[in-house]
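Please read the structure below before turning to the comments.
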Amino acid sequence: ERVLLRFANLGFMQSAMHLTGIDMQVVGKDATLLRGLGTNGTDTSYMTNTVSLAAGESADVIFTAPPYQGPGAYDTYLLYNRNYSRSDNLSPSGYGGQMTEVRVYPTGTLGAQPYPNG
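For the sequence shown, the residue numbers in this note's numbering are 370 to 487.
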C-alpha cells in the first residue's frame, strides 16, 4: 500500500524523522508541491529515509509498504526522530516521544477499515 504522511515541526528545534528500512519520496515542502515548479514542470521530489525539518517546516512524504516478510503476525518498521533526546517524554517510565511503528500485515488478514481515521 502507498501511504501519505505529513510531518510538521511545530517546535523551535530541528528534527530528523527516519523510517528504518523503507525509503520515502518527499513530494511537498511547506505546503508547496515539489512537482510542476517553474515554467517547465520539473519534478523536484526526492527519495530519502530521513526527512530533516527546521523549526516551523513541514514535509509531505509518500512511501510504499514492502511486502510482508514474516515470520511473525506482522513486520515492524520504526518511524522516529533521529534526535534521540526527543525519544523520551521525560516521564518516570522513560517511554514516549517521537517514535511509532509502521506495521505491515500479510495480504488478506485485515478486514476493511470500518470508519475514517480521525
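Just so it is clear, CB atoms sit at the ideal spot from N, CA and C, and this is done for glycine as well.
For clarity, every value in this text was computed on a predicted model and none was experimentally measured.
Exposed unless 16 or more other CB atoms sit within 10 angstroms - verdict on residue i
i: LEU422; result: buried
i: VAL372; result: exposed
i: PHE376; result: buried
i: ASN486; result: exposed
C-beta contact flag for residue i and residue j at 7 Å
i: VAL395; j: ALA434; result: no
i: ASN418; j: LEU388; result: yes
i: ALA424; j: PHE381; result: yes
i: ASN450; j: MET386; result: yes
C-beta neighbour in chain D for residue i, strict 7 Å
i: THR413; result: Considering every chain present, this structure includes no chain D. It has just one protein chain.
Bounding residues of the beta strand (DSSP E) (the contiguous stretch that carries residue i)
i: MET491; result: Outside the displayed span of the chain (370 to 487) sits residue 491, for which this structure offers no information.
Contacting residues, own chain, Cβ-Cβ under 7 Å from residue i (five flanking each side not counted)
i: LEU447; result: THR389, MET468, GLU470
Same chain, Cβ closer than 6 Å to residue i, neighbours up to 5 away in sequence not counted
i: ILE391; result: PHE432, TYR446
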